[in-house]
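Notes to accompany the following structure.
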Amino acid sequence: MSLQMIINALVNAALIAPPAMAFSLLFGILRFPNFAIGGYITVGAFAAYTFNVVFGLSLPLAAAGAMAFTALVVWGTHIIVFRPMQEQSAITLLVVSMAVTLILENVIRFFFSSDVRGFDIPLERPWKVMNAHITPEQLQIIAWSLVIGVSLHLLLAHTRIGRAMRAVADNPMLAAIRGVNAARVTAFTTAVCGALFGLTGVFAGLDLVIEPLVGWNLTIPIFAAAILGGIGSPYGAILGALLVGLAEEATILVLPSTYKVAVGFVIIAVLLLLRPQGLFGTAEIKK
Amino acid sequence: MSAYLISMSTFVGFFMILALALNLQWGITGMVNFGVAGFYALGAYTSGLLAVKLGIPVGLAILAACLAGMSMGAVVALLSMRLREDFLAIVTLGVGEIIRLIVLNEDEITEGPRGLRIDAQPFGTLVGPELYPVFYLGLVALCVVLTYVVCESIRRAPMGRTLRAIREDDVVAEVLGKNVFLHRVCIFAVGGFFMGLAGALYAHYVQNISPEVFMPVLAMFIWMSVIVGGAGNNRGILLGAGTVMVFLEGTRFIGDFVDVLDAEKMSALRIILIGLLLILTLRLRPRGLLPEPKFRVNSN
């Protein structure tokens, strides 16, 4: 494996680690695999595009705006769609979340069409390190992804609301008895996750392209990373993201690159069959 | 216009067969299958390739497609028996996507994105070309009835009660001495059989199949049909498949009145409407338009 492939794998991992952590957090609270994350990421990418290209804001400002907007969308969808359906089965909610992705994607297609777009930023020459190329944007993605991992850890481990988030994810009823306001914690979690999905949209726009399917194409690698790390374990998700990134790059050595999408699925299938709780998750006791 | 109605009804037929098969797997037995599009593709390509490349008679090719779907169902069920249902969703979605990727990439056999041209049609020589669409609609309708009868007899038979018991609580079913494993594998295989049939019928109807038809969004439409119609109730499934297809196709006519929207905007709007239909149905009628009748014990 060349240095270039390791760099590509790192960039991939940095791209999917934050949403994988967010997916893991959301799963802890909502308890179904939320396919709507594809739509959320697409919303983030297009919100940043609108702020950056249409309104002419600088990219950091546009990214902040996109994070706020996506947080609002994720929270809004939770209130309007998912909360009233809480009593439905996980599978029904899963289908609904796919419908949410379809709706978000197509609302964007309606207003922006399917054309491929990019941010309005100066083109920079990639840096060359020992025959391998890395663009400044890719380096920024890796740096920001690390910052997010650390801040999320600090939030979960050392703040009051972080403790409440873990409590609700662990056992909602017990948390309620101990006086944790579950509604507020859920609102906060959806907003934080929404901001992370929005940022992923910005990163995807920087590293890939901005188009309505950008989020859907990232969904399966994100699931793979989260499941690999053990669902409900945000730290595991980081390592899961690294492994998925490496596996995707390694596949290109033996298979045509068009099969890359299948890698995530194969990882999920093999892992679930051998170790259903993920690499770092603890086995759940089924009641 | 009538040609359009005939073609639309034929497509409703494909949807109904797929939805009935999914209802057997999920609505009645509680096994999740998000790879519907993959099974459909497997049926379409098996039948199409056998007829085109090997010159096998269409009837046999369609039968082979059903058997391919059946074997695929059995294999997927065997592999994924240990999985929790929400993870099974992701794995089956993956199976469907992998089938599509194989069809897309192995273009030396499948013609890939160029599309596979299929000239062979069942009874194509017996029926004149002007009557053929009506004849084919009849053939599809016959297959829908056949699927319905099989699914409904399974549901009504003592076996149907076992299946619903497995859906509600597989441990209880196991304790009562039912072979949960065998039932699950069989039902998944039977569902696969009918999905393969739907695929083959589709292939010989459109006569040109290409991978982009078999995107995961197709599986979504079938799932919506089952949920909107009422999971577990076969008559509800027919209604659900019809409703979803009317929403998908019928909304094309909005385009005739609103000419400010181009084709892309219209197609986006249609999918938004379908999504809203699902969410609204679940909000207003959480168990579907025609819910499964509640199980009752005679109290006296």
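Residue numbers (my numbering), protein chains in the order written: chain A, 1 to 287; chain B, 288 to 587.
Cβ atoms here follow ideal geometry from the backbone N, Cα and C, with glycine treated the same way.
Decide if residue i is buried, meaning its Cβ has at least 16 other Cβ atoms within 10 Å, or exposed.
i      : result
B:T379 : buried
B:V594 : Missing from the structure shown is residue 594 of chain B; chain B here goes from 288 to 587 and no further.
A:V74  : buried
A:M165 : buried
B:E395 : exposed
A:P212 : buried
A:E248 : buried
A:K286 : Low per-residue confidence applies at A:K286: pLDDT is 45, beneath 50, and the placement is therefore not dependable enough to give any value.
A:N171 : exposed
B:M532 : buried
A:I80  : exposed
Is the beta carbon of residue i less than 7 Å from the beta carbon of residue j?
i      : j      : result
B:V513 : B:N310 : yes
A:I222 : A:I16  : yes
B:N495 : B:G342 : no
A:I238 : A:G149 : yes
A:M21  : A:P234 : yes
A:A9   : A:A241 : no
A:S97  : A:A36  : yes
A:P18  : A:T200 : yes
B:A476 : B:G360 : yes
A:T50  : A:I108 : no
A:A99  : B:L565 : yes
B:A485 : B:I304 : yes
A:G72  : A:P33  : Contrary to the premise, residue 72 of chain A reads as Leu rather than Gly in this sequence. No, the Cβ-Cβ distance between A:L72 and A:P33 is not below 7 Å.
A:N106 : B:A555 : yes
B:L433 : B:S296 : no
B:L370 : A:L246 : no
B:I441 : B:T316 : no
B:G516 : B:L576 : yes
A:V317 : A:A262 : No answer is possible for residue 317 of chain A: it lies beyond the span of chain A, which begins at 1 and ends at 287.
B:G529 : B:V299 : yes
Below 8 Å on the Cβ atoms is my guess for residue i versus residue j; work out the distance and round it to an integer in Å.
i      : j      : result
B:G381 : B:A355 : Not quite, the Cβ-Cβ distance comes to about 19 Å (not below 8 Å), so this is no contact.
B:S334 : B:A490 : 5 Å
B:L307 : B:F481 : 7 Å
B:A506 : B:E579 : Between B:E579 and B:A506 the Cβ distance is about 22 Å, and since that is not below 8 Å, they are no contact.
B:G322 : B:G399 : That pair is no contact at about 20 Å.
A:G198 : A:A47  : 7 Å
A:G264 : A:I220 : 4 Å
B:D373 : A:A90  : 5 Å
A:I134 : A:I7   : 5 Å
A:V53  : A:D115 : A:V53 to A:D115, Cβ: 12 Å. No contact.
A:A195 : A:M67  : 4 Å
Could you tell me whether any Cβ in chain A is nearer than 7 Å to the Cβ of residue i?
i      : result
B:E393 : no
B:M507 : yes
B:I566 : yes
B:V378 : yes
B:K581 : no
B:V414 : no
B:L370 : yes
B:D457 : no
B:E551 : yes
B:V319 : yes
B:G562 : yes
B:I405 : no
B:F374 : yes
B:L388 : yes
Quick check: is the beta carbon of residue i nearer than 7 Å to any beta carbon in chain B?
i      : result
A:R275 : no
A:S113 : yes
A:P33  : yes
A:A90  : yes
A:Y235 : no
A:Y40  : no
A:I268 : yes
A:K287 : With a pLDDT of 39 at A:K287, under the threshold of 50, the predicted position of this residue should be treated as unreliable, though the coordinate-derived value follows. Closer than 7 Å: no.
A:I222 : no
A:S2   : no
A:I238 : no
A:F110 : yes
A:L94  : yes
A:I292 : This structure cannot speak to residue 292 of chain A, because chain A is shown only from 1 to 287.
A:V81  : yes
A:L272 : yes
Any beta carbon from chain E within less than 7 Å of residue i's own beta carbon?
i      : result
A:T258 : Protein chains in the displayed structure are A and B, and chain E is not among them.
field: Inside the stretch 293-377 of chain B only - alpha helix (DSSP H) runs reaching at least 4 residues
entry: 323-340, 345-366
task: Any chance you could list the beta strand (DSSP E) runs of at least 3 consecutive residues sitting entirely within the stretch 119-159 of chain A, in chain order?
output: 127-129, 132-134
task: Note down, one range per segment and in chain order, each alpha helix (DSSP H) of at least 4 residues found wholly within the stretch 449-476 of chain B.
output: 457-462
query: Can you give, in chain order, each stretch of the beta strand (DSSP E) that sits fully within the stretch 48-131 of chain A and has at least 3 residues?
result: 127-129
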